[in-house]
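Respectively, the protein sequence lines represent chains W and H. First residue of the first sequence? That's 1 in my numbering, and the numbers climb one at a time after it. First residue of the second sequence? That's 1001 in my numbering, and the numbers climb one at a time after it. This report concerns only the one structure given below.
There are 2 protein chains.
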Amino acid sequence: MRKRYTTIKDIARVLGISVATVSRALRDSYDVRPETRKKVLDVATELNYKPNFNATGLVRQSTHNIGVIIPTITNYYFSTVITGIQEVAQRNDFNIILYITNDSPENEIRIVKNLSLSSLDGLLACVSSQTNFYTHFQDLIDDGLPVVFFDRVVPTIHTSKVMQDDFNGAFMAVETLIKSGYNKIAHITGPKGLQLTDNRLLGYYAALDQYGIASYPEWVIHSGFSQKDGEEDALKLLGGERVPDAIFAVNDRKAVGAILALKRNAIKVGEEIGVIGFTNDPISEIVSPTLSTIAEPAYEIGLKSCELLLKHIRKSHFEAQEVILESRLIQRESTIRSISRQSS
Amino acid sequence: MRKRYTTIKDIARVLGISVATVSRALRDSYDVRPETRKKVLDVATELNYKPNFNATGLVRQSTHNIGVIIPTITNYYFSTVITGIQEVAQRNDFNIILYITNDSPENEIRIVKNLSLSSLDGLLACVSSQTNFYTHFQDLIDDGLPVVFFDRVVPTIHTSKVMQDDFNGAFMAVETLIKSGYNKIAHITGPKGLQLTDNRLLGYYAALDQYGIASYPEWVIHSGFSQKDGEEDALKLLGGERVPDAIFAVNDRKAVGAILALKRNAIKVGEEIGVIGFTNDPISEIVSPTLSTIAEPAYEIGLKSCELLLKHIRKSHFEAQEVILESRLIQRESTIRSISRQSS
DNA sequence: GATCTACATGTAAACGTTCTCGTAACTATT
DNA sequence: AATAGTTACGAGAACGTTTACATGTAGATC
């Protein structure tokens, strides 16, 4: 049974003063006598007063809510980003409302179309991997809702974006493979059209170019981001005409999938085929052999995205910004050619 | 720059009718002529009308928000639970507002104290592992806010709870170890006072009892839930007077920690010391040897919790319910005594 | 043709705040 | 003592909806 909660009116009645004064006492300090203020505050805590955000939101034309649209949260990267977002939001008294698209464009569109600036102060979004119409986001932006994209950003929309340095990360990954003695390097990556996919692919080509190493179209496989996709891609590479001696995966899940597939085919990972991933998912330390990878600043991406969004919310004319955070190489067993492997 | 959005008044003005009629046309179907209704709907879509939830919330005394309090989301179990929650919430047009406590009682208390039934229709909560005062939750319930606990539930609070069958899961886990030939079985578990910890511990003792197997106090180690805790606990067991030949871990993260620690000490997992976990985290298939475990119905726990909460929200006198979902055994390599181990 | 009923719509209060204005009571200035 | 300025507070509108109640119109009933 829902009880009636304490309102500003209750406090006013108890003290025999007006609601206006109570409101001021609760918020501003000016224009109200210290003693009055104290009395109000005392009664407020005594009656366990909590502001009604519907009411404040209605009059101030703002909720303290920011929406977060994300393909999935059951993976290290995204859940860490959200943790970062949440951290900043909490510090600034903003709530985060979570929308999970399950990486489906239909869900994404349905969700976004239902959003409005009457229920949200701003939006943080990571688009689903198969989305290619972005008008639903553009509409929201045109309506005046501040939007910041992260990780999977939309190139054609002008707004703030936060991502890791995909190009240099990929470059480092491939360079590491080359320096470790691999020279038939394949790349299993995400769907086309995603800026992240493009940039990592570009980094891959750039590194090959710089070291004068050949690549073949069949060595670049576009598919999804899951572990299963990684397994399938690896099998495809193994079954091809030219079998590579190293695989650069667009993320650690795919890299792990590839490692599992290779192991099942009795291929010694590292020794025969090197594998490097991208993310620094904790599984990269658990899989055997442990996985070399490019560490993404997931938490920082969350922090930065949310900070940027808050700036947009607070200054209506804050200029859109693109933030690129550094990635860094972590070398483990999967890119080392003859290691004294630890037992199993 | 935030634009003014379309309101019900705009629609009324365009059509020269009253806001009441527009409101009715938008919601009920009765008491408004079909043609009028159609005109309203047409204008609404044309002007891209979206209801202002602050306003509706204010008058209906309800937001469509449910809060979710959770220690962390960067792990398989919790992120999957949330995905389940989100699924039901979305289907029922409820938003979920996410609060992450980082497993800290101070954060939890601060967050809960700021909550109120003017901003939330209900709350789903999983308490932090070190919390032992629960008055902050009780206060909220006393205020009339529907609360459903999941996983880590609070025994002393009367409200709906959803959890997996911890007792039987633990029983199965230990039974499996026994049937695989282990008989010096240790248990590394979570903090005392948590119902989940207690129930799994009880299941552990019950299985040992049933098979007439001895246990020793030093074989039951209470600590945190992290992988690191698992490593430390395992080392403690190895360094003890009586070294066990099997470890039942309260969750997969700790089990993985234990496996890693054992491997570093050149102990053959499975062969020499069996390990079984709890959760069925995807890492359990990736770690080597693969980890036997008790699969928790994480997604279903999310679904069920949210469904239950919605019932509480909709029926103010809905009776509190305790739901216990089944866990099931998944046997892999870590509990098999001599396996033809796959290459590394 | 008067009354009754049903239907479709309008009027206005209410939800809990914030905030602009107005104003009484002081204090300061001359 | 008259005036101006300051301080602390109140009145009331506004935010966008919903909803109880009132009202007007049309057809049905006698």
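Backbone N, C-alpha and C define an ideal beta-carbon position, used for all residues, glycine too.
- The segment 1254-1268 of chain H and the segment 1224-1231 of chain H touch, with no fewer than 3 CB-CB distances between them shorter than 8 Å.
- Rounded to the nearest whole angstrom, the C-alpha separation of K39(W) and L15(W) is 8 Å.
- For Y76(W), the C-beta contacts it makes with chain H under 7 Å involve T1074, in order along the chain.
- By the C-beta density criterion, A1170(H) is buried, having at least 16 other C-beta atoms within 10 angstroms.
- In this chain, the beta strand (DSSP E) harbouring A1186(H) covers 1185-1189.
- Under the three-state reduction of DSSP output, I73(W) falls in the coil class, being neither helix nor strand.
- Setting aside the 5 residues that flank it on each side, S292(W) is surrounded in the same chain by I276, Q331, R332, S334, T335, each with a C-beta closer than 6 Å to its C-beta; the list follows chain order.
- Pairing T63(W) with G302(W) gives a Cβ-Cβ distance that is not under 8 Å.
- Interface flag for Q164(W) against chain H is unset, since no Cβ pair is found closer than 8 Å.
- Per DSSP, the unbroken beta strand (DSSP E) holding R328(W) starts and ends at 328-330.
- Residue pairing by DSSP places I1097(H) opposite I97(W), G1067(H) in a beta bridge.
- Rounded to whole angstroms, S215(W) and F248(W) show a C-alpha spacing of 12 Å.
- Under the DSSP assignment, V43(W) falls in the alpha helix (DSSP H) whose first and last residues are 34-46.
- Residue burial annotation: P146(W) is buried, with at least 16 other C-beta atoms found within 10 angstroms of its C-beta.
- Looking from the CA of V1153(H), the closest CA among V1323(H), I1100(H), G1084(H), E1218(H) belongs to V1323(H).
- Inclusion of S1305(H) and V1162(H) in the CB contact set at 8 Å is warranted, their separation being smaller than that value.
- With its beta carbon at least 8 Å from every one in chain W, N1280(H) lies outside the interface.
- The DSSP-derived three-state label of Q130(W) is coil.
- The shortest CA-to-CA distance from P1297(H) to any of L1308(H), A1320(H), E1326(H), V1269(H) is the one to E1326(H).
- Assigned with DSSP and collapsed to three states, F1225(H) falls in coil, not helix or strand.
- Under the Cβ criterion of 8 Å, A55(W) is counted among the residues facing chain H.
- A Cβ-Cβ distance of about 7 Å is found for the pair F1278(H) and R1200(H), placing them in contact under the 8 Å criterion.
- In the three-state reduction of the DSSP assignment, L325(W) falls in the strand class, which pools E and B.
- For G122(W), same chain residues with a beta-carbon under 8 Å away, outside a window of 5 residues either side, are I66, G67, L145, P146, V147, V148, L309, L310, H312, I313 in chain order.
- For S1160(H), the enclosing beta strand (DSSP E) stretches over residues 1160-1164.
- Beta bridge pairing from DSSP links G1122(H) with I1066(H).
- Under DSSP, V220(W) takes part in a beta bridge, and its partners are H187(W).
- The alpha-carbon of S104(W) is positioned some 12 Å away from that of G224(W).
- Taking the Cα positions, E285(W) is about 38 Å away from H158(W).
- Contact residues of the segment 81-94 of chain W toward chain H are I82, T83, Q86 (C-beta to C-beta distance below 7 Å).
- Within chain H, the residues I1286 have their CB atoms less than 8 Å from the CB of V256(W), given in chain order.
- A direct Cα-to-Cα measurement between V1112(H) and A55(W) gives close to 20 Å.
- Only those residues of the segment 180-191 of chain W whose C-beta falls short of 9 Å from the nearest C-beta of chain H would be listed, and there are none.
- The beta carbon of I97(W) falls within 8 Å of a beta carbon belonging to chain H, placing the residue at that interface.
- Below the 9 Å Cβ cutoff, chain W contributes no neighbours of L1262(H), its closest Cβ being approximately 10 Å away.
- Taking every protein chain shown into account, the CB of F1053(H) has 16 or more other CB atoms within 10 angstroms, so this residue is buried.
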